[in-house]
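Participant: In my numbering, the protein residues as written are 2 to 137. The beta carbon of each residue, even a glycine, is placed where N, CA and C say it ideally should be. Below you'll find the structure I mean.
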């Protein structure tokens, strides 16, 4: 239990230290990216064929975009309260794309959020004592 508290405290301090090193633009960019990954940002993804000068496809909605793979874009769309769809979109020499944010984001360079996902944290036993047990 003590080790978990030490690790958690170390993670919080490291996060605070690293966040102090970034510029305001970096912080706002990170906050917008985090909000889009939590499906709070409306985006439009458009694929364009430069040879034929035509739009191939358009996706609009609460979309999270992952660009970490070569020539493949991974798009996860929130389509209902607890419903999601995942798409893989490929690129070629003549196909390009744009990802556009359609509305402004209400993020701040000063706001800081730490979000714990309960399902990802190891369960911790909590001992509960009633008022009578404490006085005995």
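#1: Taking 8 Å as the threshold (C-beta atoms), are residue 44 and residue 102 in contact?
#2: At which residues does the alpha helix (DSSP H) containing residue 32 begin and terminate?
#3: If you check the beta carbons only, do residue 76 and residue 58 fall under 8 Å apart?
#4: Run through the DSSP bridge pairs and tell me what residue 45 is partnered with.
#5: What residue range does the beta strand (DSSP E) around residue 90 cover?
#6: Look at the Cβ atom of residue 100, then the Cβ atom of residue 50, and state whether they are nearer than 8 Å.
#7: For residue 93, is the classification buried or exposed, using 16 other Cβ atoms within 10 angstroms of its Cβ as the cut-off for buried?
#8: Taking only the alpha-carbon atoms, compute the straight-line gap between residue 8 and residue 47 and give it to the nearest angstrom.
#9: For the candidate residues 82, 53, 27 and 38, whose alpha-carbon lies nearest to that of residue 68?
#10: Please work out which residues of its chain come closer than 6 Å, Cβ to Cβ, to residue 86, disregarding the five sequence neighbours upstream and downstream, and give them in chain order.
#11: Pick from 98, 84, 105 and 30: whose alpha carbon is nearest that of residue 56?
#12: From this set, 91, 104, 63 and 35, which residue's C-alpha is nearest residue 84's C-alpha?
Facilitator: By the coordinates alone:
#1: yes
#2: 25-38
#3: no
#4: 61 and 101
#5: 84-91
#6: no
#7: exposed
#8: 43 Å
#9: 38
#10: 78 and 80
#11: 98
#12: 63
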